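Protein chains in written order, with the numbering used here: chain A, 10 to 138; chain B, 700 to 831. Just so you know, even glycine gets a beta-carbon here, dropped at the ideal spot from N, CA and C. What you are looking at is a predicted structure, and each value in this text was computed from that prediction instead of being measured.
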Amino acid sequence: MKSSDLRTPLARARGLGSAHTGLHHWWMQRLTAIALVPLVVWFAVSLVMMSGADQDVVRAWIGSPFVMVLLILTIVVGLHHGQLGLQVVIEDYIHGEGRKLALILLVRFVAVLSGLAATVAILRIGFGG
Amino acid sequence: MSVANRPTNRPLSPHLQVYRLPITARLSILHRATGVALSLGALYLVAWVVFASASPTTYAKFQAFNASIVGRIVLGGWLFCLFYHLCNGIRHLFWDAGIGFEIKEAEKASYIVIAVAVIATLASWAVGLRLA
């Protein structure tokens, strides 16, 4: 403890727990899970109904405003949920501190990159770029 | 107390080579496995919208893969992972709310989760293959 820190040990620890971020990770995983329940049901039904559809049909579907919003939400929230879950799996099974950190960073970067790529692709279809 | 007259019906810790994992433990492992699979599957979904925004020839190649045997197994497996992780995830949310912790209830819920996931998967395969 730094001598300049005037807070009591309890005040510093309150709400943070052993993971140093408190409930945030756990809570975000649940929040995204609840959001994904209706989103993935909608998405799975839509995907199955478009089996064998050609590109024009798929583009017309993706490009409608309603679908654009829900599809971007599904992908971004889904990737966030997946990234949180993979982080827990990595923390459980990868024991070297360096490798663990490298893998978690890799998962984060891939998730952000994919989410952005998907969002740009969907907007491009919707706005006819 | 000597080894000979030790009580015999004490609970023992599981011996992993001979221990038959309870249904709840098996489903827990499957939840994690399908979660990892779905994370990889999300990249497939990203690829789908990116290919849809690309040229018709590029999208045709992606479609050809989807229609192949390997593509159908990947997509069909992805649907099972999704439905299973969804059903079991809802069960986890109930557990988070403190509901369903009794062993009997948890086992009953396990079978409901498997049944709903399998039925939803088979229904989606049937509709998907009919339309494809």
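Contacts that residue i makes with chain B (C-beta to C-beta distance below 7 Å)
i	result
A/VAL66	None at all; the shortest Cβ gap to chain B is about 10 Å.
A/GLY87	ALA741
A/GLY91	LEU737, SER738, ALA741
A/ARG16	In chain order: nothing, as chain B lies at least about 31 Å away.
A/ILE103	Residues of chain B passing the Cβ test: none, with the nearest at roughly 13 Å.
A/VAL57	SER823, VAL826, GLY827
Partners in chain B for residue i, counting only beta-carbon separations shorter than 9 Å
i	result
A/LEU95	GLY734, VAL735, SER738
A/ALA53	LEU778, LEU781, PHE782, LEU785, ALA819, SER823
Contact set between residue i and chain A, taken where Cβ atoms lie within less than 7 Å
i	result
B/ARG731	VAL98
B/ALA831	SER60, GLY61
B/PRO755	GLN64
Residue i vs residue j beta-carbon contact at 7 Å
i	j	result
A/VAL97	A/LEU45	no
A/VAL116	A/LEU93	no
A/LEU88	A/GLY135	no
B/ALA751	A/ARG133	no
A/MET77	A/ILE131	yes
B/TYR758	A/GLN38	no
B/ALA816	B/CYS780	no
A/GLY91	B/SER738	yes
B/ILE722	B/GLU806	yes
B/GLY799	B/ALA808	yes
B/VAL735	A/ALA127	no
B/GLY827	A/SER73	no
B/PHE761	B/GLY770	no
A/ILE99	A/ILE113	yes
B/ARG790	B/VAL773	no
Rounded distance between the beta-carbons of residue j and residue i, thought under 8 Å
i	j	result
B/TYR783	B/LEU729	7 Å
A/LEU48	A/LEU79	7 Å
B/VAL745	A/ILE84	7 Å
B/SER823	A/ALA53	7 Å
B/LEU778	B/THR820	6 Å
B/ALA831	B/ALA766	7 Å
Per-residue contacts from residue i into chain A (C-beta, under 8 Å)
i	result
B/ALA751	GLN64, VAL67, ARG68, ILE71, ALA130, ILE134
Interface residues of chain A facing residue i [CB-CB closer than 9 Å]
i	result
B/LEU792	ARG39, ALA42, ILE43, VAL46
B/ILE789	ALA42, VAL46
B/TYR718	Under the 9 Å cutoff, chain A gives no residues; its nearest Cβ is about 20 Å from B/TYR718.
B/TYR810	The contacting residues do not exist; B/TYR810 stays about 21 Å from chain A at best.
Cross-chain neighbours of residue i in chain B, by beta carbon under 8 Å
i	result
A/ILE84	ALA741, LEU744, VAL745, VAL748
A/ALA126	VAL745, VAL749
A/VAL49	LEU781, LEU785
A/SER123	ALA741, LEU742, VAL745
Whole runs of the alpha helix (DSSP H) within the stretch 773-803 of chain B, excluding any shorter than 4 residues = none
key: Inside the stretch 712-750 of chain B only - beta strand (DSSP E) runs reaching at least 3 residues   = none
request  = Starting from the N-terminal side, write out each stretch of the beta strand (DSSP E) that is 3 residues or longer and does not extend beyond the stretch 57-110 of chain A.
outcome  = none
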